[in-house]
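Student: Numbering (the numbering used here), first residue to last: 6 to 329.
Where is the CB? At the ideal position from N, CA and C, for every residue including glycine.
1) Looking only at DSSP bridge pairs, what is residue 220 linked to?
2) Quick one: complete alpha helix (DSSP H) runs, 4+ long, within the segment 84-134?
3) Residue 179 and residue 154: beta carbons closer than 7 Å?
4) Mind checking residue 308: buried by the 16 CB within 10 Å criterion, or exposed?
5) What number of angstroms, rounded off, separates the C-alpha of residue 327 from the C-alpha of residue 57?
6) Tell me the DSSP secondary structure of residue 45 in three-state form.
7) So the candidates are 118, 174, 276; which of them puts its Cα closest to the Cα of residue 186?
8) Can you have a look at residue 264 and say buried or exposed, based on whether 16 or more other CB atoms are within 10 angstroms of its CB?
9) From residue 236 to residue 66, what does the alpha carbon distance come to, in whole angstroms?
10) Relative to the C-alpha of residue 188, which residue among 196, 213, 323 is closest?
11) Do residue 137 and residue 70 count as a contact pair if the criterion is CB distance below 7 Å?
12) In chain order, what are the residue ranges of uninterrupted alpha helix (DSSP H) at least 4 long that sit wholly in the segment 212-290?
13) Take residue 27 and list the residues in its own chain whose beta-carbon comes closer than 8 Å to its own, dropping the five residues that flank it on each side.
14) Assign residue 80 to one of two classes, buried (16 or more other C-beta atoms within 10 Å of its C-beta) or exposed (fewer than that).
15) Would you please state the rounded distance, in angstroms, between the beta carbons of residue 122 and residue 47? I believe it to be under 8 Å.
16) In the DSSP assignment, the beta strand (DSSP E) including residue 177 goes from what residue to what residue?
17) Put residue 82 into one of helix, strand or coil per three-state DSSP.
18) When burial is assigned at 16 or more other CB atoms within 10 Å of the CB, is residue 49 buried or exposed?
19) In whole angstroms, what separates the C-alpha of residue 109 from that of residue 115?
20) How far does the beta strand (DSSP E) with residue 70 in it extend, from its first residue to its last?
21) How far does the alpha helix (DSSP H) with residue 166 in it reach, from first residue to last?
22) Which residue marks the beginning of the beta strand (DSSP E) containing residue 155, and which one marks its end?
23) Once DSSP output is grouped into helix, strand and coil, what is the label at residue 316?
24) Is there contact here, the segment 148-164 with the segment 129-136, by at least three beta-carbon pairs under 8 Å?
25) Residue 184 lies in the alpha helix (DSSP H); which residues open and close that run?
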């Protein structure tokens, strides 16, 4: 669920570097145009989350620009979209070709941070989970994008208001939290801060529906809805294992067969990335934003991350995975 699901999809690749976010000098940066219907969307980040957001937007008729720091990363994002679309219509080659062509016709790509922002009605950020890097990006975008452009972050672990504070458009800033894999997962959390205007909120609800998603609303609280419930659940499963009360396999089996979970907590933790899980827990603990008992450290998790055993993306976590 993204940071959860989002990090799993990033597979350790940083989306943006400080060089990419160098200060930009743009004349006449702010447009005087009023709020407009969202037609043009720009997504920063072309990893699995970014590419997934680009795909569902383009597939549903939006004009989308995908921005990243290297052409090779852009190419990888486009290939991800093609692969996903092929799987959706694996039994019909003609439909595959038709949908791929129609979707890609709605997508432009760029490694120029400013190109994607100047004509955007909505900008969605899906980059590395680092507050300073997000601040650098949005601070630059704030000087480029029209005043009517809505900004949204796909973060799952950072407070939206803290990211929005890098801009002068708090009323046009909100969270738009997709879940991995984006083309399949129907949920979007729309996060409204104390500054988010009703107009911005309604626009994001409408955009989510046009992308064929089901939006839910949450205040700007740690973890929003899904991760606020999911992270403590995963941590408690690890504590159960750490105490020797049950094996990881038996816990996974119990939760799948007894609670109807599609994945057990250890399978899910490996999929998410053990470093990602630890990062979220450590962040909440540092800010004292949730009950301390929910984010108490687990030595087994700390040790695995220290040793570089991070789950599926490293080939081993609580389980071992065959190399691709």
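Tutor: In brief:
1) 193
2) 98-109
3) Not a contact, by the Cβ cut-off of 7 Å.
4) With fewer than 16 other Cβ atoms within 10 Å, it is exposed.
5) Each residue's alpha carbon lies about 25 Å from the other.
6) strand
7) Ranking the options by Cα distance to residue 186, first place goes to 276.
8) exposed
9) 35 Å
10) 213
11) Their beta carbons are not under 7 Å apart, which means residue 70 does not touch residue 137 by this criterion.
12) 231-247, 253-264, 270-277
13) Legend: pLDDT at residue 27 = 42, less than 50; position of this residue unreliable, no value from coordinates given.
14) exposed
15) 6 Å
16) Where residue 177 is concerned, there is no enclosing beta strand (DSSP E), given that its DSSP letter is neither H nor E.
17) helix
18) buried
19) 14 Å
20) 68-72 is the span of the beta strand (DSSP E), which, as asked, contains residue 70.
21) If you look at residue 166, you'll find it in the alpha helix (DSSP H) that goes 165-169.
22) 155-158
23) strand
24) Using a Cβ-Cβ distance cut-off of 8 Å, the segment 148-164 and the segment 129-136 are in contact, since at least three pairs of beta carbons, one from each stretch, lie closer than that value.
25) Here residue 184 belongs to no alpha helix (DSSP H), and DSSP marks it neither H nor E.
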